[in-house]
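Enquirer: Here it is, the structure, as structure tokens.
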Amino acid sequence: MKAQTSQPVLNMAEFCIDTSRLQDILTFLRKSHRYYMDVMVPNLAASLERLTEPCSEHQRQTLWKFFSDYKEELVTHFSYEENVAFPYIEAMLAGERSCQYSIEEYEQNHSNIQEKLDDLKNLITRSLPKECSQEDATQALYNLYNLEMDLQKHTFIEDDVLIPAAMQLEKKMEPVATGADELSAREKEILVCVAQGMLNKEIADKFNLSIYTVITHRKNITRKTGVKTVAGLTVYALLNNLIDMNTIE
Numbered sequence: 301m302k303a304q305t306s307q308p309v310l311n312m313a314e315f316c317i318d319t320s321r322l323q324d325i326l327t328f329l330r331k332s333h334r335y336y337m338d339v340m341v342p343n344l345a346a347s348l349e350r351l352t353e354p355c356s357e358h359q360r361q362t363l364w365k366f367f368s369d370y371k372e373e374l375v376t377h378f379s380y381e382e383n384v385a386f387p388y389i390e391a392m393l394a395g396e397r398s399c400q401y402s403i404e405e406y407e408q409n410h411s412n413i414q415e416k417l418d419d420l421k422n423l424i425t426r427s428l429p430k431e432c433s434q435e436d437a438t439q440a441l442y443n444l445y446n447l448e449m450d451l452q453k454h455t456f457i458e459d460d461v462l463i464p465a466a467m468q469l470e471k472k473m474e475p476v477a478t479g480a481d482e483l484s485a486r487e488k489e490i491l492v493c494v495a496q497g498m499l500n501k502e503i504a505d506k507f508n509l510s511i512y513t514v515i516t517h518r519k520n521i522t523r524k525t526g527v528k529t530v531a532g533l534t535v536y537a538l539l540n541n542l543i544d545m546n547t548i549e
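Take the sequence shown: its letters are residues 301 to 549, numbered as in the numbering used here.
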């Protein structure tokens, strides 16, 4: 067994993403969508069809309905990104900014597309009849794990690279403020969490965000309020009726 070596700790407060590579990231994500829907999902579907041949009609239809619903979720998820979120980012890269949409909306609509794969894995390993071929089950699980792992990487790129970088680009395109900027709904939620003593990791888990995104929101909060310390932000939240004194630890 190899000895574990300590990894350098990144100071995420100083982490900055190169927004000039955003178009490359978008191109990669679009190609990934095509590969999932044209290759990986059909491969998984074919292996599931072979696996469930010994099952009863009811069992086959039930499992296939579950898989078909998941496939529709993928289509909806990718369609939203390609028709709404990605064009918005590309418009910003071209120097245009729509006031009718924001990266925060993309972040809030960025659903988890992996949970049902975990359920499908458990259904295959625990709920199918013993008549099903072990070889076919292994092939189905292999295809499932490949899709699951690739989607994890895909989601990481979107949550931890694309969204924070797009937020940085959005920030650069904001007009110079003449007064105090108003906090967004998400920023107010995060400010409340900060005032309640929650760490970035805890906030990220609560709202299903990446830590990078939480840090970006906190930077925006500091920029808009002019307040840097947790104690100062707590007072700001109290003065603006965002929290009650009794909720502070």
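All C-beta atoms, glycine included, are put in the ideal place defined by N, C-alpha and C.
1. Since Y416 contacts Y370 with CB under 8 Å, what's their CB separation in whole angstroms?
2. Mind checking whether V514 and I521 have CB atoms under 7 Å apart?
3. Identify whether N412 lies in helix, strand or coil by the three-state DSSP scheme.
4. D436 and D510 - do their beta-carbons sit closer together than 7 Å?
5. Could you tell me the alpha carbon to alpha carbon distance between S398 and Y388, rounded to whole angstroms?
6. Rounded to the nearest angstrom, how far is the Cβ of V341 from that of L374, given a contact under 8 Å?
7. Span of the alpha helix (DSSP H) holding I543?
8. With contact counted as at least three CB pairs below 8 Å, one residue from each stretch, are the stretch 463 to 470 and the stretch 396 to 411 in contact?
9. Compare the C-alpha of N443 against each of K331, D338 and L344 and name the closest.
10. Are the CB atoms of H333 and F386 nearer to each other than 7 Å?
11. Are R486 and E381 closer than 7 Å when you measure CB to CB?
12. Quick one: measure Cβ to Cβ for E407 and I463, integer angstroms, because I've assumed they're closer than 8 Å.
13. Please classify F425: is it buried, with 16 or more other beta-carbons within 10 angstroms of its beta-carbon, or exposed?
14. Output the distance between the C-alpha atoms of Q434 and G497, rounded to the nearest integer angstrom.
15. Along the alpha helix (DSSP H) that carries M473, what are the first and last residues, could you check?
16. Does R518 pass the burial test, meaning 16 or more other C-beta atoms within 10 Å, or should it be called exposed?
17. Please classify A531: does DSSP put it in a helix, a strand, or coil?
18. Is the beta carbon of C432 sitting closer than 7 Å to the one on L351?
19. DSSP three-state call for C432: helix, strand or coil?
20. Under three-state DSSP, which class holds D369?
21. Cα separation between L441 and K421?
22. As a quick exercise: from I490, I457 and M392, pick the residue whose alpha carbon is nearest that of F328.
Expert: Walking through what the data contain:
1. Note that residue 416 is Lys in the sequence shown, not Tyr. Contact flag correct, Cβ pair sits at about 5 Å.
2. no
3. coil
4. One detail in the question is off: residue 510 reads as Ser in this sequence, not Asp. Cβ atoms of S510 and D436: not closer than 7 Å.
5. 7 Å
6. 7 Å
7. Here I543 belongs to no alpha helix (DSSP H), and DSSP marks it neither H nor E.
8. yes
9. L344
10. no
11. no
12. 5 Å
13. First, the amino acid is wrong: residue 425 is Thr here, not Phe. Exposed.
14. 51 Å
15. I463 to M473
16. buried
17. helix
18. yes
19. coil
20. helix
21. 7 Å
22. I457
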